[in-house]
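In what follows, a structure is listed as structure tokens, so that the remarks can point back to it.
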Amino acid sequence: MARPLAKPEPEDDKGTSSILPRSDPLPSAVFATALMRRTLSLLRPIAPQMVPLAVCLSLIPVIVLSSMFSGWYVWKNVAVGWEIPVYLQYGDGVSPYAELSLPPLSATQPYDISLHLVVPASEANFALGNFMATLSLYTPSNKTLMTTKRPSIALPPPSRRRFLLSSSPRLVDLDIPLLASYVLGTSKVNARIDIGRRDEWKSLGSGEGRELSVWTALLRGAVRRHGVRGLVSRFPLTFAVGSSITFFIVSSLVLAACVLPAIQWRFSDDETATDLHSYEGNPKEERPFRTRRRQRKVVASESIHKTEDDPVDIPPAFTSDDYPLKRRRSHTSDALYDSES
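Take 1 as the starting number for the sequence shown in the UniProt record's numbering and just add one per residue.
Structural data, given as structure tokens:
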């Protein structure tokens, strides 16, 4: 009777898995570590010189930008003259007025402030006579800095010879000085301007209210130039460029004073190390010094032998047999001897 065939047993997976190679990450880590150490060993001799140089090169753009900013800051903050238009409000108050904000000013720079009016050359304006121009300066927090009033008058232009095609001027310019060499003390200032009279000229003529007719109005601020500030305000671009160059030179010198000693110190250390290595590697150079020391010792010993004195015979010491000893008498025995006698 035929026996059933035995089924083939499956091979052990563990055996096959042990035969197959494994991907071990350890060799790659060792290789990376070795490569890093090799790189560090190559860079170590030049690192003391490269680090200060890299710091210096990285700070050069910062110095350039800082120099440009210093020049721009000087040019931006130079006190210059200004001029702003004035828009008068009619019918809102007793006299025409205008409220305006002055441009950013220098808090310590003196200014000459004036009001420039262009009025029509009409008989109504000429007939008004004197009128007042009032200027009030105050801060954005409504703190009054000062108030000034100046009188003025509109006069007809002087008569001149008229040519065939010429005509009389239709506008008259008025310059009213309000402040002279005034220091504001702050950079942000608001202003209020009033033109006219409080009584509206009702006390004149038939008692009708009158107003000054104005074509255009400008508030001007001129810089009072004196001292160093005056020179800077007169030549702002020149001083801005000069400040940039000066800042760049000073910053470069400071950077060089901080970086160059570090590089020089590193070089001196390297030279000292090389001298020590050369001294240790060549011990033969020490022999001449040793021979010289030995020669000096020999010469010194010879000089010592040469300077020794001749031998002298010393007599023998005396013994008790040659000279018998005598006993000294005491004071008590002498006293007894005298009493017996």
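No residue lacks a Cβ here, since even glycine has one placed at the ideal position from N, Cα and C.
What does DSSP give as the partner residue(s) for residue i in the beta ladder?
i, result
"Pro-120", "Leu-171"
"Asn-190", "Ser-101, Tyr-138"
"Ile-113", "Leu-179, Gly-221"
"Ile-60", "According to DSSP, which records beta bridges pairwise, Ile-60 is partnered with nothing at all."
With H, G and I counted as helix, E and B as strand and the rest as coil, what does DSSP make of residue i?
i, result
"Asp-147", "Per the sequence shown, the amino acid found at residue 147 is Thr instead of Asp. In the structure shown, Thr-147 sits in a strand (DSSP, three-state: E or B)."
"Gly-91", "coil"
"Arg-220", "strand"
"Asn-130", "strand"
"Pro-85", "strand"
"Gly-230", "helix"
"Gly-196", "strand"
"Ser-106", "coil"
"Ser-152", "strand"
"Asn-125", "helix"
"Ile-245", "helix"
"Arg-44", "coil"
"residue 342", "Because the chain in this structure spans residues 1 to 341, residue 342 falls outside the shown range and cannot be described."
"Gly-185", "coil"
"Leu-53", "helix"
"Ala-29", "helix"
"Leu-212", "coil"
When we look at the beta-carbon of residue i and count the other beta-carbons within 10 Å, is it buried (16 or more) or exposed?
i, result
"Asn-125", "buried"
"Glu-99", "exposed"
"Glu-83", "exposed"
"Ala-32", "exposed"
"Leu-135", "buried"
"Ile-195", "buried"
"Gly-221", "buried"
"Ala-54", "exposed"
"Val-214", "buried"
"Val-30", "exposed"
"Ala-127", "exposed"
"Arg-210", "buried"
"Ser-101", "exposed"
Out of the options, point me to the one whose CA is closest to residue i's CA.
i, options, result
"Arg-225", "Met-68, Pro-140, Ser-181, Ala-29", "Ser-181"
"Thr-238", "Ala-257, Pro-158, Lys-76", "Lys-76"
"Ile-245", "Val-55, Tyr-97, Gly-71", "Gly-71"
"Leu-65", "Arg-38, Phe-247, Leu-255", "Phe-247"
"Tyr-111", "Tyr-87, Val-74, Gly-81", "Gly-81"
"Arg-150", "Leu-171, Pro-177, Gly-129, Val-172", "Pro-177"
"Ser-233", "Ala-133, Gln-109, Thr-147, Arg-210", "Gln-109"
"Leu-115", "Arg-210, Ser-41, Ile-193, Phe-131", "Ile-193"
"Val-74", "Leu-255, Ala-256, Cys-258, Ala-240", "Ala-240"
"Met-146", "Val-223, Ile-60, Asn-190, Leu-105", "Asn-190"
"Thr-139", "Val-172, Ser-122, Pro-104, Leu-35", "Pro-104"
"Ser-122", "Asp-173, Val-94, Ala-257", "Asp-173"
"Leu-231", "Val-78, Thr-39, Tyr-87", "Val-78"
"Leu-218", "Leu-260, Asp-175, Ser-252, Ser-58", "Asp-175"
"Ile-113", "Pro-120, Gly-91, Leu-137", "Leu-137"
> Is the region 182 to 198 touching the region 54 to 69 in the sense that three or more CB pairs, one from each, lie closer than 8 Å?
Replying inline: They do not touch, by the three-pair rule.
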